[in-house]
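Inspection log for the structure reproduced underneath, given as structure tokens.
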Amino acid sequence: MSTQQFIDDTVLDRSYPAHVNTLKSRHDRALEKAGGSHVVIFSGAPKPKFLDDCFYPFQANPHFVSWLPLTTMPYCYLVYTPGEKPLLIYYQEKDYWHTPPASPAGFWTAFYDIRIVNSVEDVAELLPRNKDKCILIGEITDDSHAFGIERINPNTAVNILHYERARKTPYELECMRAASRRAVAGHRAAEESFRAGSSEFDIHLAYCRAVGQTERDLPYGNIIALNENGAVLHYQHQSPVVHEDSRSFLIDAGATVYGYASDITRAYSSESSEYQQLIDRMDSMQQEIVSEVRAGVDYAALHLRTHEKLAALLVELDLARGSVDALIVNGVTSAFFPHGLGHLLGIQVHDVGGFMADESGAVIDRPPGHSFLRLTRTLEEDQVVTIEPGLYVIDMLFDNLRGTPAYAMLNQERIDWLRPYGGIRIEDNIRVLDDGAENLTRDAFAS
Ligand SMILES: [Mn+2]
Numbered sequence: 097m098s099t100q101q102f103i104d105d106t107v108l109d110r111s112y113p114a115h116v117n118t119l120k121s122r123h124d125r126a127l128e129k130a131g132g133s134h135v136v137i138f139s140g141a142p143k144p145k146f147l148d149d150c151f152y153p154f155q156a157n158p159h160f161v162s163w164l165p166l167t168t169m170p171y172c173y174l175v176y177t178p179g180e181k182p183l184l185i186y187y188q189e190k191d192y193w194h195t196p197p198a199s200p201a202g203f204w205t206a207f208y209d210i211r212i213v214n215s216v217e218d219v220a221e222l223l224p225r226n227k228d229k230c231i232l233i234g235e236i237t238d239d240s241h242a243f244g245i246e247r248i249n250p251n252t253a254v255n256i257l258h259y260e261r262a263r264k265t266p267y268e269l270e271c272m273r274a275a276s277r278r279a280v281a282g283h284r285a286a287e288e289s290f291r292a293g294s295s296e297f298d299i300h301l302a303y304c305r306a307v308g309q310t311e312r313d314l315p316y317g318n319i320i321a322l323n324e325n326g327a328v329l330h331y332q333h334q335s336p337v338v339h340e341d342s343r344s345f346l347i348d349a350g351a352t353v354y355g356y357a358s359d360i361t362r363a364y365s366s367e368s369s370e371y372q373q374l375i376d377r378m379d380s381m382q383q384e385i386v387s388e389v390r391a392g393v394d395y396a397a398l399h400l401r402t403h404e405k406l407a408a409l410l411v412e413l414d415l416a417r418g419s420v421d422a423l424i425v426n427g428v429t430s431a432f433f434p435h436g437l438g439h440l441l442g443i444q445v446h447d448v449g450g451f452m453a454d455e456s457g458a459v460i461d462r463p464p465g466h467s468f469l470r471l472t473r474t475l476e477e478d479q480v481v482t483i484e485p486g487l488y489v490i491d492m493l494f495d496n497l498r499g500t501p502a503y504a505m506l507n508q509e510r511i512d513w514l515r516p517y518g519g520i521r522i523e524d525n526i527r528v529l530d531d532g533a534e535n536l537t538r539d540a541f542a543s
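Residue numbers (this note's numbering): 97 to 543.
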């Protein structure tokens, strides 16, 4: 399954030119704020393992990827000078141990002055002469990669770029729709594998085969959890054990297209049981929250609204007893739902800028008691966020309530019933519109 099976590049021929223009104007303002004449963006250097000659999988600097769909190319430099065609210093090492990067090709090449270099030393003569007029954006672990540029990642510039990155261009939205379609192909294969009684490991392989990506390209490690493992929020194993009784399945898995991520979670029951009804109930609650998404909505307030809805659901299901207010104030809803409602999504699965009040770098604090919320901004058109309410049996968190009024509000008998199923999370990727939302994930499942 190649990228081209999920996206038609001619769509990008139409949207990419405007994307480059948007980036140019963002970088113009970043330069104006930071003071300087050139932005130099370093794609990065592979990280070696300690005492070893192997490297961790390389992922390019997201600032570099925002310009170019070159997600795995180290030692490249992009030089942006206002008013000029951006210069791409394209590193094509003469290397007989690895397959060198292919020559530049694709919808993006016409927008750059591309110079191919075969060694890092050759970069020096292509960079702007006056290093005092440059700012460099990237991770510098070896001074030689900065080529004498001293201003590295100045906050004034980076804040503007991070703040603006929350709003996606039409090009980015096309990539993200395709990333949702790609992940949905995997989710379908994974569900089928679960229903056939496979192990987590085999479900994981079925997912990777269907999306055509492995850990090197996936936006994050797949969460493939059977039964009780569904209660582990970031369950990190893919156990080869085949369960006699595969009751429930939670999958949180995404895919990437040209460096842009999807991040999708679904929960399944092996039979149509009371547990399936609970999944259906969580699914409709999630869709109610999605229906409240629109420009101008305070995301932190939406997170708090989710706690209200969840409190009502806990009472309806007899998992807890008390008023909505009491269940929230005493921390009962937080014990069942201990993470945030969601986050910005883009090049990074938890995209940057979730707490920025504006491009100056001022921060919007999380509501007290909600320390895992990753997004506190007011929603704006063309932001892409996740909406991912959850409900789990995490005994550690219930134990923490012992000796508080909350403990008496828990219905242990019903919690005992739910425990073997682990937990439920339903997560969609949502583009904010002026008067509503586009659900990239449900659209992909419907197609
Ligand atoms: Mn997520």
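Ideal placement from N, C-alpha and C gives every residue a C-beta, glycine not left out.
| Item | Value |
| --- | --- |
| Who's in the neighbourhood of ligand 1, going by beta-carbon under 5 Å from any heavy atom, listed in chain order? | 359 and 482 |
| Need the endpoints of the alpha helix (DSSP H) that residue 376 sits in, please. | 370-386 |
| Please list, in chain order, all residues of the same chain as residue 210 whose beta carbon is under 6 Å from its beta carbon, the five residues on each side excluded. | 184, 186 and 200 |
| When the Cβ atoms of the segment 254-263 are set against those of the segment 501-520, are three or more pairs found closer than 8 Å? | no |
| Measure the C-alpha to C-alpha separation of residue 109 and residue 538 and round it to an integer number of angstroms. | 26 Å |
| Kindly indicate which residue of 206, 178, 182 and 349 has the alpha-carbon position closest to the one of residue 160. | 182 |
| Count the CB pairs spanning the segment 218-226 and the segment 171-178 that are closer than 8 Å, and state whether there are at least three. | yes |
| Kindly indicate which three-state DSSP category residue 330 falls into: helix, strand or coil? | coil |
| Once you ignore the five residues that flank residue 141 on each side, which residues in its own chain have a CB closer than 7 Å to its CB? | 170, 171, 237, 238 and 241 |
| Considering just the uninterrupted stretch of the alpha helix (DSSP H) at residue 410, what are its terminal residues? | 395-412 |
| In chain order, what are the residue ranges of uninterrupted beta strand (DSSP E) at least 3 long that sit wholly in the segment 441-500? | 480-483 and 486-488 |
| For residue 539, report the span of its alpha helix (DSSP H) as first-last. | 536-542 |
| Roughly how many angstroms separate the alpha carbons of residue 139 and residue 168, rounded to a whole number? | 9 Å |
| Below 8 Å on the Cβ atoms is my contact criterion, and I expect residue 356 with residue 475 to pass it. Report the Cβ-Cβ distance as a whole number of Å. | That belief does not hold up - the Cβ atoms of residue 356 and residue 475 are roughly 19 Å apart, past 8 Å. |
| Looking only at its chain, what residues have a beta carbon closer than 6 Å to the beta carbon of residue 230, apart from the 5 residues adjacent to it on each side? | 134, 136, 224 and 245 |
| Can you tell me the Cβ-Cβ gap for residue 402 and residue 485, rounded? I've got them flagged as a contact below 8 Å. | 5 Å |
| From the DSSP output, in three-state form, read off residue 432 for me. | helix |
| Roughly how many angstroms lie between the CA atoms of residue 321 and residue 430, to the nearest whole one? | 21 Å |
| Assign residue 209 to one of three DSSP states: helix, strand, or coil. | strand |
| Judging by CA-CA distance, which residue of 269, 196, 450 and 397 is the nearest neighbour of residue 527? | 269 |
| Thinking C-alpha only, which one of 293, 267, 117 and 228 is nearest residue 366? | 293 |
| Quick check on the DSSP output: the beta strand (DSSP E) that includes residue 239 runs from which residue to which? | Per DSSP, residue 239 belongs to no beta strand (DSSP E) and is neither H nor E. |
| Count the other CB atoms within 10 Å of the CB of residue 146; is the residue buried (16 or more) or exposed (fewer)? | exposed |
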